[in-house]
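Structure first, then comments.
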């Protein structure tokens, strides 16, 4: 299993390698997964890692992947909205919940200034992946009261790194 810092660096690298594509994205695409390479499953892996340390998170849940429905780049701030696909151990059925991810990228360094991960609507229940495929607009709502709000800043450099 990868450490948090490894997942973050892989995700930052993926963002930076796709910045030119992100700058010219057209809002007509249904999902941006194919255009953004490994971003969807790296976001899922990052969220899974972050939630595993949350007391409220069911340890039998695992996050499989995500569908990226909206991507926006504004100077050094990148935001991604979408749907996480998750399951439970020993069960093949999967469910969906909404997410919002925002990151401030450092222009000159291979890391980030900070990021925020919002996940899971408190007021609307998850729906099965099968039902989501029938009704992909289920999660399209303006107001979401987020169950999980994760704000992350990079760790300061270790004194041995100086």
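Numbering (the working numbering), first residue to last: 15 to 176. All residues carry an ideal CB built from backbone N, CA and C; glycine is no exception. Computed from a prediction, not measured in an experiment: that's the story for all the values here.
Looking at the DSSP output, residue 92 bridges to 87 and 117.
With a 10 Å radius around the Cβ and a threshold of 16 neighbouring Cβ atoms, residue 18 comes out exposed. Restricting attention to 87, 161, 77 and 148, the CA atom closest to the CA of residue 38 is found in 87. By the C-beta density criterion, residue 108 is buried, having at least 16 other C-beta atoms within 10 angstroms. Taking the CA atoms as reference points, residue 32 sits about 27 Å from residue 134. A distance of 8 Å or more separates the beta carbons of residue 26 and residue 35. Residue ranges of uninterrupted beta strand (DSSP E) with 3 or more members, entirely inside the region 26–90 and ordered along the chain, are 75–88. Assigned with DSSP and collapsed to three states, residue 21 falls in helix.
If you draw a 10 Å sphere on the C-beta of residue 73, you find fewer than 16 other C-beta atoms in it, and that means exposed.
One alpha carbon belongs to residue 160, the other to residue 78, and they sit about 20 Å apart. Residue burial annotation: residue 68 is exposed, with fewer than 16 other C-beta atoms found within 10 angstroms of its C-beta. At a Cβ-Cβ threshold of 8 Å, residue 80 and residue 58 count as neighbours. With a contact defined as Cβ atoms closer than 8 Å, residue 99 and residue 110 qualify at about 6 Å. Separation of residue 151 and residue 141 (C-alpha to C-alpha, rounded to the nearest whole angstrom) is 12 Å. Of the residues 16, 29 and 20, the one whose Cα lies closest to the Cα of residue 121 is 29. For secondary structure counted as the alpha helix (DSSP H) over 4 or more consecutive residues, the region 138–172 holds these complete runs in sequence order: 143–148.
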